[in-house]
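Novice: In the working numbering, the protein residues as written are 45 to 354. The structure is given below, and queries will be raised subsequently.
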Amino acid sequence: MHIRRRDDLFELWAPAKLNLHLEVLGRRSDGFHELETLMCPINLCDTLYVQSHSSGRIRLDCQFADRRLPNGSPEARLADEGADNLVCRALELVRHEAGVKLGATVRLVKRIPVAAGLAGGSSDAAAALVAAAAAWKIDFTPQDLLRLAAQLGSDIAFFLQTGWAVCRGRGEIVQPVAGLGNLAVVVVTPPQGLATADVFAALRRHDEQRGRTDHEHRSIDGLLDAVQTGHLGRIGQALHNRLQTVAGRLSPWIARLADEFARAGVVGHLMSGSGTSYFGICRGARHARGIARRMVARGLGRAFVVRSRQ
Ligand code: C5P
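Below, the structure is given as structure tokens:
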């Protein structure tokens, strides 16, 4: 995680992620699902500014880089959340854990679409854990941070490290892998998102309707091998997201995006996480810019030309 300090103000860059492989291995007794997923960070980032404050209160100001967001959007709801925001919950958790009496002033500048399968909220929360420890001068070990991250959500631990990783368990068991920087990618976020819990519930119904509690599992090995060799064509062919079919039943945008990306001749395309953001790996930056323009012109949502980070 990128962290910069100016006097007592800490600035952190919280990147979004994409899932290049996501397999659901089964349901756990705690109601969560056992996952195996390959995630890569991209250079679409929120920025978090944290400053320690003697008042003992935590104040969050949430701003949106994109001012055209409509009322009633997930972004508008996020701005109204106040203390329920995952960033505030992360700060409160640190405060409680370390017995800190100080407060903090926090400014969050959002660029990552909300509730969109890009884990923006999780990345902000990871940044908040790191920033709180720095601002309040708490000596957490990496294990302490991982434990706090797991208490807050499934994807947060991934953002405590940098680079690509295979994540297992609920998503909180993180195994870093050598990744590829500079892949040219277009991410499109349609106007309507999906709640992660609804998508997992739909997968359970889907499996039950088929008279089984489980589905076949796609191995991650082919994709990892393709990433290791850097073979773009093989990476494109090996992309897999178990949640895509069921998310497609909940949201018509998924099929539309899949069609458009297929027609655009990308190297490979896939829904990210539990959706509804959808990405295509392109042959280069120019290719990506052309596709992004086309997606916006067809009314498919907001399009971001991004690069993977190593
Ligand atoms: O942990 P997080 O807040 O990201 O999860 C949101 C919801 O997604 C959970 O409440 C759960 O319903 C579902 N989920 C799941 N299995 C996972 C991760 C999330 O069922 N591994």
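All C-beta atoms, glycine included, are put in the ideal place defined by N, C-alpha and C. Owing to the predicted nature of the structure, the values given are computational and were not obtained by experimental measurement.
For the segment 178-255, list the beta strand (DSSP E) runs that are entirely contained and at least 3 residues long, ordered along the chain.
Specialist: Counting only runs of 3 or more, we get 209-213, 217-220, 228-233.
Novice: Here's the rule: buried if 16 or more other CB atoms are within 10 angstroms of the residue's CB, otherwise exposed. What is residue 107?
Specialist: Residue 107 is exposed by the Cβ-count criterion.
Novice: Near the ligand C5P, which residues have their beta-carbon less than 6 Å from any of its heavy atoms, given in chain order?
Specialist: In chain order, the qualifying residues are 76, 77, 79, 197, 198, 199, 214, 215, 240, 241, 244.
Novice: I'd like to check one pair, residue 88 with residue 131: are the Cβ atoms closer than 8 Å?
Specialist: Their beta carbons are not under 8 Å apart, which means residue 131 does not touch residue 88 by this criterion.
Novice: Count the other C-beta atoms from every protein chain shown that fall within 10 angstroms of the C-beta of residue 166, then say buried if there are 16 or more, exposed otherwise.
Specialist: By the 10 Å Cβ count, residue 166 comes out buried.
Novice: Under DSSP, the alpha helix (DSSP H) around residue 303 begins and ends at which residues?
Specialist: It spans 296-307 - the alpha helix (DSSP H) in which residue 303 sits, taken as one unbroken run.
Novice: Suppose you measure from the CA of residue 325 to the CA of residue 146; what does that come to, to the nearest Å?
Specialist: Each residue's Cα considered, the two are about 45 Å apart.
Novice: Apart from the five residues on each side of it in sequence, which residues of its chain come closer than 6 Å, Cβ to Cβ, to residue 47?
Specialist: Closer than 6 Å at Cβ, skipping near neighbours: 56.
Novice: With H, G and I counted as helix, E and B as strand and the rest as coil, what does DSSP make of residue 339?
Specialist: Residue 339 falls in the helix class under three-state DSSP.
Novice: Between the segment 282-298 and the segment 311-322, do at least 3 Cβ pairs fall closer than 8 Å?
Specialist: The segment 282-298 is in contact with the segment 311-322.
Novice: On the DSSP letters alone, give me the boundaries of the beta strand (DSSP E) that residue 70 sits inside.
Specialist: Note, residue 70: beta strand (DSSP E), 53-71.
Novice: Any chance you could list the alpha helix (DSSP H) runs of at least 4 consecutive residues sitting entirely within the segment 78-129, in chain order?
Specialist: For the segment 78-129, whole alpha helix (DSSP H) runs of length 4 or above, ordered along the chain, are 118-124.
Novice: Quick check on the burial criterion: 16 or more other C-beta atoms within 10 angstroms. Buried or exposed for residue 219?
Specialist: That one is exposed.
Novice: Just the Cα atoms here: how many angstroms apart are residue 242 and residue 51?
Specialist: Spanning the two alpha carbons is a distance of roughly 44 Å.
Novice: Leaving aside the five residues before and after residue 266 along the sequence, list all residues of the same chain whose C-beta is less than 7 Å from its C-beta, in chain order.
Specialist: These residues qualify, in order along the chain: 282.
Novice: CB residue 329 to CB residue 228, shorter than 8 Å?
Specialist: The answer is yes: Cβ separation under 8 Å.
Novice: Can the beta-carbon of residue 152 be found closer than 8 Å to that of residue 90?
Specialist: Closer than 8 Å, so yes.
Novice: Can you tell me whether residue 61 is buried or exposed, with buried defined as 16 or more other CB within 10 angstroms of its CB?
Specialist: Buried: at least 16 other Cβ atoms inside 10 Å.
Novice: From the DSSP output, which residues share a beta bridge with residue 147?
Specialist: DSSP lists 97 as partners of residue 147.
Novice: Secondary structure at residue 318, three-state DSSP: helix, strand or coil?
Specialist: Residue 318 falls in the coil class under three-state DSSP.
Novice: Between residue 95 and residue 275, what straight-line distance do the alpha-carbon atoms span, to the nearest angstrom?
Specialist: Near 44 Å, if we compare the C-alpha coordinates of residue 275 and residue 95.
Novice: Kindly indicate which three-state DSSP category residue 277 falls into: helix, strand or coil?
Specialist: Note: residue 277 maps to helix in three-state DSSP.
Novice: Under the DSSP definition of a beta bridge, which residues are partnered with residue 334?
Specialist: Note: residue 334 sits in no beta bridge, so no partner.
Novice: From the DSSP secondary-structure annotation, give me the bridge partner or partners of residue 325.
Specialist: Residue 325 is bridged to 229, 312.
Novice: Pull up the CB-CB distance for residue 262 and residue 67, whole angstroms please, since I reckon it's below 8 Å.
Specialist: Going by Cβ atoms, the distance from residue 262 to residue 67 rounds to 5 Å, so yes, they are a contact pair.
Novice: Assuming contact is defined by CB atoms lying nearer than 8 Å, are residue 161 and residue 352 in contact in what I supplied?
Specialist: Cβ distance not < 8 Å, so residue 161 and residue 352 don't count as in contact.
Novice: Return the chain-ordered list of same chain residues with a C-beta closer than 8 Å to the C-beta of residue 344, the five sequence neighbours on each side being excluded.
Specialist: Here the set comprises 232, 234, 297, 300, 301, 304.
Novice: Can you give me the Cβ contacts of residue 271 inside the same chain, cut-off strictly under 7 Å, excluding the 5 residues immediately before and after it?
Specialist: Counting only Cβ-Cβ distances below 7 Å, and skipping sequence neighbours, we find 223, 224, 279.
Novice: Sorted by chain position, which residues of the same chain lie with C-beta nearer than 7 Å to residue 33's C-beta, five sequence neighbours on each side aside?
Specialist: Any property of residue 33 remains undetermined from this structure, which presents the chain solely from 45 to 354.
Novice: Around the C-beta of residue 288, are 16 or more other C-beta atoms found within 10 angstroms, so that it is buried, or is it exposed?
Specialist: The residue in question, residue 288, is buried, as its Cβ has 16 or more Cβ neighbours within 10 Å.
Novice: Whole angstroms are fine: how far does the CA of residue 214 sit from the CA of residue 195?
Specialist: Answer to the nearest angstrom: the Cα atoms are 11 Å apart.
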